[in-house]
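Sequential numbering of the sequence shown, starting at 1, is according to UniProt numbering. Structure first, then comments.
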Amino acid sequence: MKPLSVAVLLGSVRRDRMGPRAARLVTRELERRGHEVHLVDPLELKLPLLDRMYKEHPEGQAPRKLEKLARLYRKVDGFLIVSGEYNHGIPPALKNLLDHFLEEYFWRPSGIVCYSAGSFGGVRAAMQLRMTLAELGMSSVPSLLPIPRIGQLLNENGVAQEDFLNHSASRFIDEFLWYASALAEARAGGTPY
């Protein structure tokens, strides 16, 4: 498999957020396999609440942060979305980050890395996220990478504290990369529109 480019989108801006741990886990696995990873952190971006989508700005007049993200999104082969579970749903910062774009996501797969402090691993939020990602044109691959009890299962460097999580992450990345590679090849031959 030729090296791919993947954007890892963090979903939380909370002070004590755990998402960076999950992002480090998948980033390390992708880089170990020779792929290029771009971390997109809404805490660093400080995007305003959505008023205008990127495409609604006159050409060349979108805010610099949005122009930079649009260039990145057009370049990558897929997206890994790292989402916590807030009241059985996705974090508002993630929804805001996602909704600024549309066409830039088309024909690229997404993979959902979800987590929670409890035993469900964020899967309730993942089900809502799946619908949003499909509507944005970057349908999620069938598998999820749920991380329950994230504070205990991943240390601050994103190193798994139990072997099952490394195995799950590896299999999830295998599937995600298969879809990303297949769609990259298909995009090279053209898209339906």
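Positions of the beta carbon are idealized from the N, C-alpha and C atoms, including for glycine. Because the structure is a prediction, the values reported are computed rather than measured.
Helix, strand or coil for residue i per DSSP?
i	result
residue 93	helix
residue 116	coil
residue 12	coil
residue 85	coil
residue 26	helix
residue 59	coil
residue 50	coil
residue 189	coil
residue 78	strand
For residue i, collect the residues of the same chain with a Cβ closer than 8 Å to its Cβ; drop the 5 residues on either side in sequence, then sort them by chain order.
i	result
residue 38	5, 6, 7, 8, 72, 76
residue 117	18, 149, 150, 151
residue 95	132
Cα-Cα, which of the options is closest to residue i?
i	options	result
residue 16	47, 68, 138, 84	84
residue 19	172, 99, 86, 51	86
residue 3	24, 49, 78	78
residue 152	21, 53, 124, 11	21
residue 177	27, 10, 60	27
residue 172	157, 112, 93	112
residue 125	179, 67, 91	91
residue 170	47, 145, 65, 191	145
residue 52	1, 183, 99	99
residue 45	60, 66, 56, 62	66
residue 115	150, 179, 54	150
residue 179	48, 58, 74, 139	139
residue 119	59, 148, 23, 97	148
residue 48	58, 127, 64	64
residue 195	121, 70, 192	Here the chain has residues from 1 to 193 only, and residue 195 is not among them.
residue 88	127, 97, 56, 59	127
residue 23	183, 74, 191, 156	156
Skipping 5 residues on each side, what residues in its chain have a beta carbon closer than 6 Å to that of residue i?
i	result
residue 14	none
residue 175	141, 143
residue 1	181
residue 62	54
Which same chain residues, not among the five before or five after residue i, have their C-beta less than 7 Å away from its C-beta?
i	result
residue 93	11, 12, 13, 42
residue 25	154, 158, 160, 169
residue 129	81, 83, 90, 112
residue 121	114, 115, 146, 147, 148
residue 59	none
Given 8 Å, three or more beta-carbon pairs between the stretch 173-187 and the stretch 107-114:
Here the stretch 173-187 lies against the stretch 107-114, with 3 or more beta-carbon pairs under 8 Å apart.
Validate contact between the stretch 157-168 and the stretch 114-134 using beta carbons, cut 8 Å, 3 pairs:
Taking 8 Å as the limit for Cβ pairs, the verdict is that the stretch 114-134 does not touch the stretch 157-168.
For the stretch 95-104 against the stretch 23-35, are there 3 or more C-beta pairs whose distance is under 8 Å?
No, the stretch 95-104 is not in contact with the stretch 23-35.
List in chain order: all unbroken alpha helix (DSSP H) runs of 4+ residues lying wholly within the stretch 98-180.
Qualifying alpha helix (DSSP H) stretches, in chain order: 123-135, 150-153.
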